[in-house]
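**Student:**
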Amino acid sequence: MPATPPSRSLASRLWRRVRPGPRHALGATVSGDADPATLDGAEPFAFRCNVCGGPARATLASLDREMPSCPHCGSNVRFRAIADLVVRELTGSRAALPDLARRRDVVGIGLSDAACYAGPLARVFDYRNTFFHTSPRLDITAIDAGLAGRHDFVIASDVFEHVAPPVGRAFDNALALLKPGGTFVMTVPFTLEPATREHFPDLHDWSLDEREGRWRLVNRTADRRIEVYEDLVFHGGPGTTLEMRVFARDALLREFTRAGFASVRVADEPCLPFGIHWPHRWSLPIVAKAPSGNAGEALSNV
Numbered sequence: 022m023p024a025t026p027p028s029r030s031l032a033s034r035l036w037r038r039v040r041p042g043p044r045h046a047l048g049a050t051v052s053g054d055a056d057p058a059t060l061d062g063a064e065p066f067a068f069r070c071n072v073c074g075g076p077a078r079a080t081l082a083s084l085d086r087e088m089p090s091c092p093h094c095g096s097n098v099r100f101r102a103i104a105d106l107v108v109r110e111l112t113g114s115r116a117a118l119p120d121l122a123r124r125r126d127v128v129g130i131g132l133s134d135a136a137c138y139a140g141p142l143a144r145v146f147d148y149r150n151t152f153f154h155t156s157p158r159l160d161i162t163a164i165d166a167g168l169a170g171r172h173d174f175v176i177a178s179d180v181f182e183h184v185a186p187p188v189g190r191a192f193d194n195a196l197a198l199l200k201p202g203g204t205f206v207m208t209v210p211f212t213l214e215p216a217t218r219e220h221f222p223d224l225h226d227w228s229l230d231e232r233e234g235r236w237r238l239v240n241r242t243a244d245r246r247i248e249v250y251e252d253l254v255f256h257g258g259p260g261t262t263l264e265m266r267v268f269a270r271d272a273l274l275r276e277f278t279r280a281g282f283a284s285v286r287v288a289d290e291p292c293l294p295f296g297i298h299w300p301h302r303w304s305l306p307i308v309a310k311a312p313s314g315n316a317g318e319a320l321s322n323v
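End of the sequence shown = 323 in this note's numbering, gap-free, step of one.
#1: DSSP state of GLU110, grouped into three classes?
#2: Counting only C-beta atoms, is ALA166 closer than 8 Å to chain B at any point?
#3: If you drop the 5 nearest sequence neighbours on each side, which residues of the same chain put their C-beta closer than 6 Å to that of GLY42?
#4: On the DSSP bridge list, what partners appear for ASN240?
#5: Give the DSSP bridge partners of ASP178, in chain order.
#6: Kindly indicate which three-state DSSP category PRO201 falls into: helix, strand or coil?
#7: Since ASP147 sits in a beta bridge, which residues does DSSP pair it with?
#8: Keeping to the same chain, check which residues put their C-beta closer than 6 Å to that of ARG125; ignore five residues upstream and five downstream.
#9: Would you kindly work out how many angstroms separate the C-alpha atoms of LEU224 and PHE181, rounded to a whole number?
#10: Spatial neighbours of ASN150 within its chain, please: CB distance less than 7 Å, with the 5 preceding and 5 following residues excluded, ordered by chain position.
#11: By how many angstroms is the C-alpha of LEU273 removed from the C-alpha of THR262?
#12: Give me the DSSP bridge partner(s) of VAL287.
#13: When you compare only the Cα positions, how much space is there between ARG44 and PHE295?
#14: Note down the Cα distance separating PRO201 from THR208, rounded to an integer number of angstroms.
#15: Hey, how far is the Cα of PHE153 from the Cα of VAL184?
#16: By a C-beta neighbour count over all protein chains shown, 10 Å radius and 16 as the cutoff for buried, is PRO89 buried or exposed?
#17: Starting from PHE282, trace the beta strand (DSSP E) both ways and give me its first and last residue.
#18: Count the other CB atoms, across all protein chains shown, that sit within 10 Å of the CB of ASP230; report buried if there are 16 or more and exposed otherwise.
#19: What are the start and end residues of the beta strand (DSSP E) that includes PHE152?
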């Protein structure tokens, strides 16, 4: 389970920095199949935020996984990519959330999703956001049996690096939440190193405490050894959400296969009209599909 409640994301705290100021030309609009390699990284271009539908402008060099780049809703590349992947996987088309007809027959669940895209998703689909320490509550390491097999899609954005070991339980339960053929959209920081780095591999009976402004983790292992860890890594500020591991890409993909997902892919494709661009090969979104007894067609968005 996550060490503590996920705190407000860096993006949500910074988005006001890109709110509209004096009006400027938006710049050239790029086509849907534009190759980022052919564009000047310093030349502004216009895009439409697929989360809120608002117009925006950016340069390729300024688009960032975490830094807000929509002046209206504060979405970053990660948030827009999540929304785009959910829509494409469920409808078979590429569309902004405000353009979709309501589909209350499509059921989804999020794990501490950002309000930026959780609200627009809930306006389209029968989607609800959940949290670890407050209602509506969901612990991905111990899900309620009544939730199993009920969801067309599940979203976990930068959550699994905070799940206490063994992290395999979280992958198993993400699959259990899905209907046959359902879609799991996940983001998590990962490297291209050979193996995942578990910070606390023998975590068992543990607690966090602060002494003179410094946090430490004290763990009693299953064989009753005492371990003390310092120099902890928190996301969202000291004492908030503890990083349990740094995934390696190949090891991460193997977790999906081990859990029983029918397919998994790294979703590195750009969509410049929505301001989605991935200049690096690490920490990209991942899409996994639950097994299906029949080859189902994509859901219609009309």
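Think of the CB as a built atom: it goes at the ideal place given N, C-alpha and C, for glycine as much as any other residue.
These numbers come from a predicted model, not from an experiment.
**Tutor:** The short version:
#1: Your numbering for residue 110 matches position 89 in the sequence shown. In this structure, GLU110 counts as helix in the three-state DSSP scheme.
#2: No chain B appears in this structure, which consists of one protein chain only.
#3: Translated into the one-based positions of the sequence shown, residue 42 becomes position 21. For GLY42, the predicted model reports a pLDDT of 40, less than 50, meaning its position is unreliable; a value from the coordinates is still stated below. Result list for GLY42: empty, nothing under 6 Å.
#4: If you number the sequence shown from 1, residue 240 lands on position 219. BP columns for ASN240 point to TRP227, GLU248.
#5: Along the sequence shown, one-based indexing puts residue 178 at 157. The sequence shown places Ser at residue 178, not Asp. According to DSSP, which records beta bridges pairwise, SER178 is partnered with THR208.
#6: Walking along the sequence shown from the start, residue 201 turns up at place 180. Correct three-state label for PRO201: strand.
#7: Sequence index remark: in the sequence shown, residue 147 carries index 126 (1-based). VAL128.
#8: Reading the sequence shown from its first residue, position 104 is the one you call residue 125. ASP147, listed in sequence order.
#9: As a first step, residue 224 must be located in the sequence shown, where it is residue number 203. As a first step, residue 181 must be located in the sequence shown, where it is residue number 160. One C-alpha to the other measures close to 16 Å.
#10: In the sequence shown, residue 150 corresponds to position 129, counting from 1. Closer than 7 Å at the Cβ level, and outside the excluded window around ASN150, lie GLY131, ASP134, ALA139.
#11: Reading the sequence shown from its first residue, position 241 is the one you call residue 262. Reading the sequence shown from its first residue, position 252 is the one you call residue 273. Each residue's Cα considered, the two are about 20 Å apart.
#12: Against the sequence shown, residue 287 aligns to sequence position 266. Paired residues: ILE307.
#13: Position 23 of the sequence shown, counted from the start, is the residue given in the question as residue 44. Position 274 of the sequence shown, counted from the start, is the residue given in the question as residue 295. With a pLDDT of only 38 at ARG44, under the threshold of 50, the placement of this residue in the model should not be trusted; the figure read from the coordinates follows. Rounded to whole angstroms, ARG44 to PHE295 spans 20 Å at the Cα level.
#14: Sequence index remark: in the sequence shown, residue 201 carries index 180 (1-based). Sequence index remark: in the sequence shown, residue 208 carries index 187 (1-based). Answer to the nearest angstrom: the Cα atoms are 22 Å apart.
#15: As a first step, residue 153 must be located in the sequence shown, where it is residue number 132. As a first step, residue 184 must be located in the sequence shown, where it is residue number 163. Cα-Cα distance, rounded: 11 Å.
#16: Locating residue 89 in the sequence shown gives position 68, counting from the first residue. Label assigned to PRO89: buried.
#17: For the purposes of this step, residue 282 is taken as the residue at position 261 of the sequence shown. That residue, PHE282, is in no beta strand (DSSP E); it is neither H nor E in DSSP.
#18: Looking up residue 230 in the sequence shown gives position 209. Burial call: exposed.
#19: Along the sequence shown, read from residue 1 onward, the residue named residue 152 stands at position 131. PHE152 -> no beta strand (DSSP E), and no H or E assigned at all.
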